[in-house]
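Protein chains: 4
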Amino acid sequence: MAPRPLTKPRKDASQKRSRATVDALVEATARVLVKEGFDKASTNRIAGMAGVSIGSLYQYFPSKEALVAAVIDRHQRDVQRAVRAELAEAMNLPLEKAVRKLVAMAVKAHRVDPKLHRVLAEQIPRMGKLEDSGAFNRENYASFRDYLERHRDALAVGDLELASFVCVTAVEALTHNAVLAEKLSDKEMDALTDHTTRLIVRYLKA
Amino acid sequence: MAPRPLTKPRKDASQKRSRATVDALVEATARVLVKEGFDKASTNRIAGMAGVSIGSLYQYFPSKEALVAAVIDRHQRDVQRAVRAELAEAMNLPLEKAVRKLVAMAVKAHRVDPKLHRVLAEQIPRMGKLEDSGAFNRENYASFRDYLERHRDALAVGDLELASFVCVTAVEALTHNAVLAEKLSDKEMDALTDHTTRLIVRYLKA
Amino acid sequence: MAPRPLTKPRKDASQKRSRATVDALVEATARVLVKEGFDKASTNRIAGMAGVSIGSLYQYFPSKEALVAAVIDRHQRDVQRAVRAELAEAMNLPLEKAVRKLVAMAVKAHRVDPKLHRVLAEQIPRMGKLEDSGAFNRENYASFRDYLERHRDALAVGDLELASFVCVTAVEALTHNAVLAEKLSDKEMDALTDHTTRLIVRYLKA
Amino acid sequence: MAPRPLTKPRKDASQKRSRATVDALVEATARVLVKEGFDKASTNRIAGMAGVSIGSLYQYFPSKEALVAAVIDRHQRDVQRAVRAELAEAMNLPLEKAVRKLVAMAVKAHRVDPKLHRVLAEQIPRMGKLEDSGAFNRENYASFRDYLERHRDALAVGDLELASFVCVTAVEALTHNAVLAEKLSDKEMDALTDHTTRLIVRYLKA
DNA sequence: AATGAATGAGACTTCATTCAT
DNA sequence: CATGAATGAAGTCTCATTCAT
Numbered sequence: 219m220a221p222r223p224l225t226k227p228r229k230d231a232s233q234k235r236s237r238a239t240v241d242a243l244v245e246a247t248a249r250v251l252v253k254e255g256f257d258k259a260s261t262n263r264i265a266g267m268a269g270v271s272i273g274s275l276y277q278y279f280p281s282k283e284a285l286v287a288a289v290i291d292r293h294q295r296d297v298q299r300a301v302r303a304e305l306a307e308a309m310n311l312p313l314e315k316a317v318r319k320l321v322a323m324a325v326k327a328h329r330v331d332p333k334l335h336r337v338l339a340e341q342i343p344r345m346g347k348l349e350d351s352g353a354f355n356r357e358n359y360a361s362f363r364d365y366l367e368r369h370r371d372a373l374a375v376g377d378l379e380l381a382s383f384v385c386v387t388a389v390e391a392l393t394h395n396a397v398l399a400e401k402l403s404d405k406e407m408d409a410l411t412d413h414t415t416r417l418i419v420r421y422l423k424a
Numbered sequence: 219m220a221p222r223p224l225t226k227p228r229k230d231a232s233q234k235r236s237r238a239t240v241d242a243l244v245e246a247t248a249r250v251l252v253k254e255g256f257d258k259a260s261t262n263r264i265a266g267m268a269g270v271s272i273g274s275l276y277q278y279f280p281s282k283e284a285l286v287a288a289v290i291d292r293h294q295r296d297v298q299r300a301v302r303a304e305l306a307e308a309m310n311l312p313l314e315k316a317v318r319k320l321v322a323m324a325v326k327a328h329r330v331d332p333k334l335h336r337v338l339a340e341q342i343p344r345m346g347k348l349e350d351s352g353a354f355n356r357e358n359y360a361s362f363r364d365y366l367e368r369h370r371d372a373l374a375v376g377d378l379e380l381a382s383f384v385c386v387t388a389v390e391a392l393t394h395n396a397v398l399a400e401k402l403s404d405k406e407m408d409a410l411t412d413h414t415t416r417l418i419v420r421y422l423k424a
Numbered sequence: 219m220a221p222r223p224l225t226k227p228r229k230d231a232s233q234k235r236s237r238a239t240v241d242a243l244v245e246a247t248a249r250v251l252v253k254e255g256f257d258k259a260s261t262n263r264i265a266g267m268a269g270v271s272i273g274s275l276y277q278y279f280p281s282k283e284a285l286v287a288a289v290i291d292r293h294q295r296d297v298q299r300a301v302r303a304e305l306a307e308a309m310n311l312p313l314e315k316a317v318r319k320l321v322a323m324a325v326k327a328h329r330v331d332p333k334l335h336r337v338l339a340e341q342i343p344r345m346g347k348l349e350d351s352g353a354f355n356r357e358n359y360a361s362f363r364d365y366l367e368r369h370r371d372a373l374a375v376g377d378l379e380l381a382s383f384v385c386v387t388a389v390e391a392l393t394h395n396a397v398l399a400e401k402l403s404d405k406e407m408d409a410l411t412d413h414t415t416r417l418i419v420r421y422l423k424a
Numbered sequence: 219m220a221p222r223p224l225t226k227p228r229k230d231a232s233q234k235r236s237r238a239t240v241d242a243l244v245e246a247t248a249r250v251l252v253k254e255g256f257d258k259a260s261t262n263r264i265a266g267m268a269g270v271s272i273g274s275l276y277q278y279f280p281s282k283e284a285l286v287a288a289v290i291d292r293h294q295r296d297v298q299r300a301v302r303a304e305l306a307e308a309m310n311l312p313l314e315k316a317v318r319k320l321v322a323m324a325v326k327a328h329r330v331d332p333k334l335h336r337v338l339a340e341q342i343p344r345m346g347k348l349e350d351s352g353a354f355n356r357e358n359y360a361s362f363r364d365y366l367e368r369h370r371d372a373l374a375v376g377d378l379e380l381a382s383f384v385c386v387t388a389v390e391a392l393t394h395n396a397v398l399a400e401k402l403s404d405k406e407m408d409a410l411t412d413h414t415t416r417l418i419v420r421y422l423k424a
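Chains as they are written, first to last, in our numbering: chain A, 219 to 424; chain B, 219 to 424; chain C, 219 to 424; chain D, 219 to 424.
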């Protein structure tokens, strides 16, 4: 067994400090993005809000883009965490219930941090991260395709790839626009969920 | 023959020159937006590409935004022109044919200048022109609602406002994403049109 | 006798038109200077206010400076005209009355167009026209020296050059500052006139 | 001896560097103003003369005006420092001696940096700092009024506010113009001081 | 002469990033 | 490693002036 290096604890401490700094920077970036918008979000402002010197910022992130990318990652992890359990559940339900659950999930995903989501949604396409856009990301897309595969017999559509694209795109767009509208009552959101569910179910069902 | 007024030609020449400059600037803006993206599209670059001095640019457009707004207007007029006749036609068809035509129309609209459309779609939300976003603008939205109103009896949905939102949003998102993918064959586009049409028709039909 | 050239009348007409254009430009410059301040007074704005094209402006004035110089000249001629008669009168009065008249004259001079005067007073030093500054110009200065010369016996001062400088500078500064204050009542202005007169008379009188 | 804290030197060095930059900028502004005049004094020129990047200039001064304001402040502090002791002394002298001292003081004040003073005197009115204009500022004005108050019995004038205005304005104008003339010998300056003193004393004395 | 479109030097300012301490 | 002063390219915009018509 290798001897525990003497510097470990200290390194741990410093690692902890590093981690805290990184977190503070990511958090500050998110806050500044929301409060000031992308164009006004300067690295100096971000460093200031994080309570960190501009030099330190560049110790941990090589560029402004890297910072924004980290925010995107964190946001997507947050969304994923909020949704993963439900997604798993939905996978075992019959079509209509499954779809309804998925739609509800999409709404929930968009509501994790709508203002941040909005800013990011505007910036992501400009950062060549198109594939990750939307609150439904690759992972969820695959799960849904899987589900369709397993229920192929109950479906009216043959091309599951296309069908997945149609469903995911439609649901994503509807929930995205609805959440961004901001002024929707709970009742209206429920109505939207109903309609979206119907849209998808009727499309899929044989 | 009426004598040609002596002052006319000069003024005309002048006006023609102005008009040419303005057009060159709008065209250059569109080209730069496509080639370099919004952030890199500086007024100097635009003036350079238009073969016009920076001073002339500011003679006609008070700011970068004004320039982009002009590009948006021009693009929307182009789209509208490409689509208006078909839209009118579609209004008199039975449901399925109408929807199919509308979907085809949406595809066509997105194909007017897809790369420009992509850039503008990213910028429009940041310019407070939300309502005009998408290839379906307000006017088309109203037409569609009208159509639903007139066919209310054949529909399964009661809330036409909501139904319009659902249909327009879904069609817009599907065609937008599909066109942006760029790598779709004609056959694939036809399949998408079929699916989209089915999606909408099944949703609407009683 | 030389025959009257056939073009004379026309030339007259065109000269009249030229004169009108020049006047309009000078007037417009004065107005813009007062309304917008020196820095905001662009040649284009001046041409616009004069109802004349920028090209024509440069037909008559080679530069912005020339325009301002013309305004200064005109203003000084206006002031001179307003004051000349009184100045002549004052020259024949006994000391105290003469001084009082001169002070009143200085006030009047500053009131010809106080707002324009103020702007010009700020600009003149920057244009190398120091010697002409103030509402008392060279001509008036000489007249006053003359007056002192002719009343030398009644004076307590020997160096008339210096005395002239002292008197003219003091009166000019007092009336200038007082008029620029703008908020002085007539009564206060009268008090100032009294005091200024006393200041000068006591200084001069044996 | 207390141990020198480890972080102190760096911070000090930092602060010293900042301070040096700021000083260099203010000094450069003053120099450029004198050498080129206000209109030609661009921030780039100033930064260049200070041997500092334009970015650093804007790190410390938000605008060109702020820079000029700093120069004004510095100049006024310099003037004040040169004059304060004498002013205090003068306050305890009898009328004639006091006035003579004040006049001498005004001359001295104008001689601190006459060329800079000239440029600033032209700019200050345009910066809404009217009240501070002249080498006599508010503080000195108040001191003088005080002095008159305390010697009211010896004076021929009742309205001390007006009297202060008359005295301060006259002295300021005379010394200002005299110093700006530049070509005056010491003897001439002495003569001017005598005359100015007489002007004021005779005006005030009962 | 009159017109006004065009010019372009140059002003002010911002901000991502580097580097001496 | 942290700090924050310093950098300078690049951006937006103005305005006196020129010149083709």
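Glycine is no exception: its CB is placed at the ideal position from the N, C-alpha and C atoms. This one's a predicted model, so the numbers in the text were calculated from it and none came from an experiment.
I'd like to know whether the C-beta of residue i is nearer than 8 Å to at least one C-beta of chain B.
i: His328 of chain A; result: no
i: Asp377 of chain A; result: yes
i: Thr387 of chain A; result: yes
i: His369 of chain A; result: no
Does the CB of residue i have a neighbour CB from chain D at under 8 Å?
i: Arg420 of chain C; result: yes
i: Leu410 of chain C; result: yes
i: Ser335 of chain C; result: The sequence given here has His at residue 335 of chain C, not Ser. Judged by the 8 Å Cβ criterion, His335 of chain C is not in contact with chain D.
i: Glu340 of chain C; result: yes
Leaving out the 5 sequence neighbours to the left and right, which residues in its chain are closer than 7 Å to residue i when beta-carbon positions are compared?
i: Lys326 of chain C; result: Ala300, Val301
i: His328 of chain C; result: His335, Ala353, Thr393, His394, Val397
i: His369 of chain C; result: Leu313
i: Ala424 of chain A; result: Ala372, Leu373, Ala374
i: Thr261 of chain D; result: Ile272, Leu275, Lys282
Leaving out five residues on either side along the sequence, give the residues of the same chain with a beta carbon under 6 Å from the beta carbon of residue i.
i: Pro332 of chain A; result: Val397
i: Val240 of chain C; result: Tyr278
i: Ala259 of chain B; result: Val250, Leu251
i: Glu314 of chain C; result: Val419
i: Leu422 of chain A; result: Leu373
Given that a residue counts as buried once 16 or more other Cβ atoms are within 10 Å of its Cβ, and exposed if not, what is residue i?
i: Ile418 of chain D; result: buried
i: Glu349 of chain B; result: The predicted model places Glu349 of chain B with a pLDDT of 48, which falls under 50 and marks its position as unreliable; any figure quoted below should be read in that light. With fewer than 16 other Cβ atoms within 10 Å, it is exposed.
i: Ala265 of chain B; result: buried
i: Asn358 of chain D; result: buried
i: Val382 of chain D; result: Reading off the sequence, residue 382 of chain D comes out as Ser, not Val. Ser382 of chain D should be labelled buried.
i: Gln233 of chain C; result: exposed
i: Ala316 of chain C; result: buried
i: Tyr276 of chain B; result: exposed
Do we get a CB-CB distance below 8 Å when we pair residue i with the residues of chain A?
i: Pro332 of chain B; result: no
i: Pro343 of chain B; result: yes
i: Ala391 of chain B; result: yes
i: Val384 of chain B; result: yes
i: Leu313 of chain B; result: no
i: Leu285 of chain B; result: no
i: Arg416 of chain B; result: yes
Cutting at 8 Å between CB atoms, please list the residues of its own chain near residue i, excluding the five before and the five after it.
i: Met204 of chain D; result: Lying before the first or after the last residue shown, residue 204 of chain D is absent from chain D, which here runs from 219 to 424.
i: Glu400 of chain B; result: Pro332
i: Leu378 of chain D; result: Arg363, Leu366, Glu367, Arg370
i: Val337 of chain B; result: Leu251, Val252, Gly255, Phe256
Quick check on residue i - is its C-beta less than 8 Å from some C-beta in chain C?
i: Glu349 of chain D; result: Reliability of the predicted coordinates at Glu349 of chain D is poor, the pLDDT of 47 falling under 50, and the value obtained from them is presented with this limitation in mind. With 8 Å as the cut-off, Glu349 of chain D does not count as an interface residue toward chain C.
Exercise. Are three or more beta carbon pairs between the stretch 232-251 of chain B and the stretch 394-411 of chain A nearer than 8 Å?
Worked result: no
For this session: Entirely within the stretch 244-307 of chain A and at least 4 residues each: give me those alpha helix (DSSP H) ranges in chain order.
Result: 261-268, 272-278
For this session: Check whether the stretch 333-347 of chain D touches the stretch 285-294 of chain D, counting contact only when three or more Cβ pairs, one atom from each stretch, lie closer than 8 Å.
Result: yes
Problem set entry | Cβ contact check for the stretch 385-397 of chain A and the stretch 310-325 of chain A: 3 or more pairs under 8 Å | When C-beta atoms of the stretch 385-397 of chain A are compared with those of the stretch 310-325 of chain A, three or more pairs fall below 8 Å, so the two segments count as touching.
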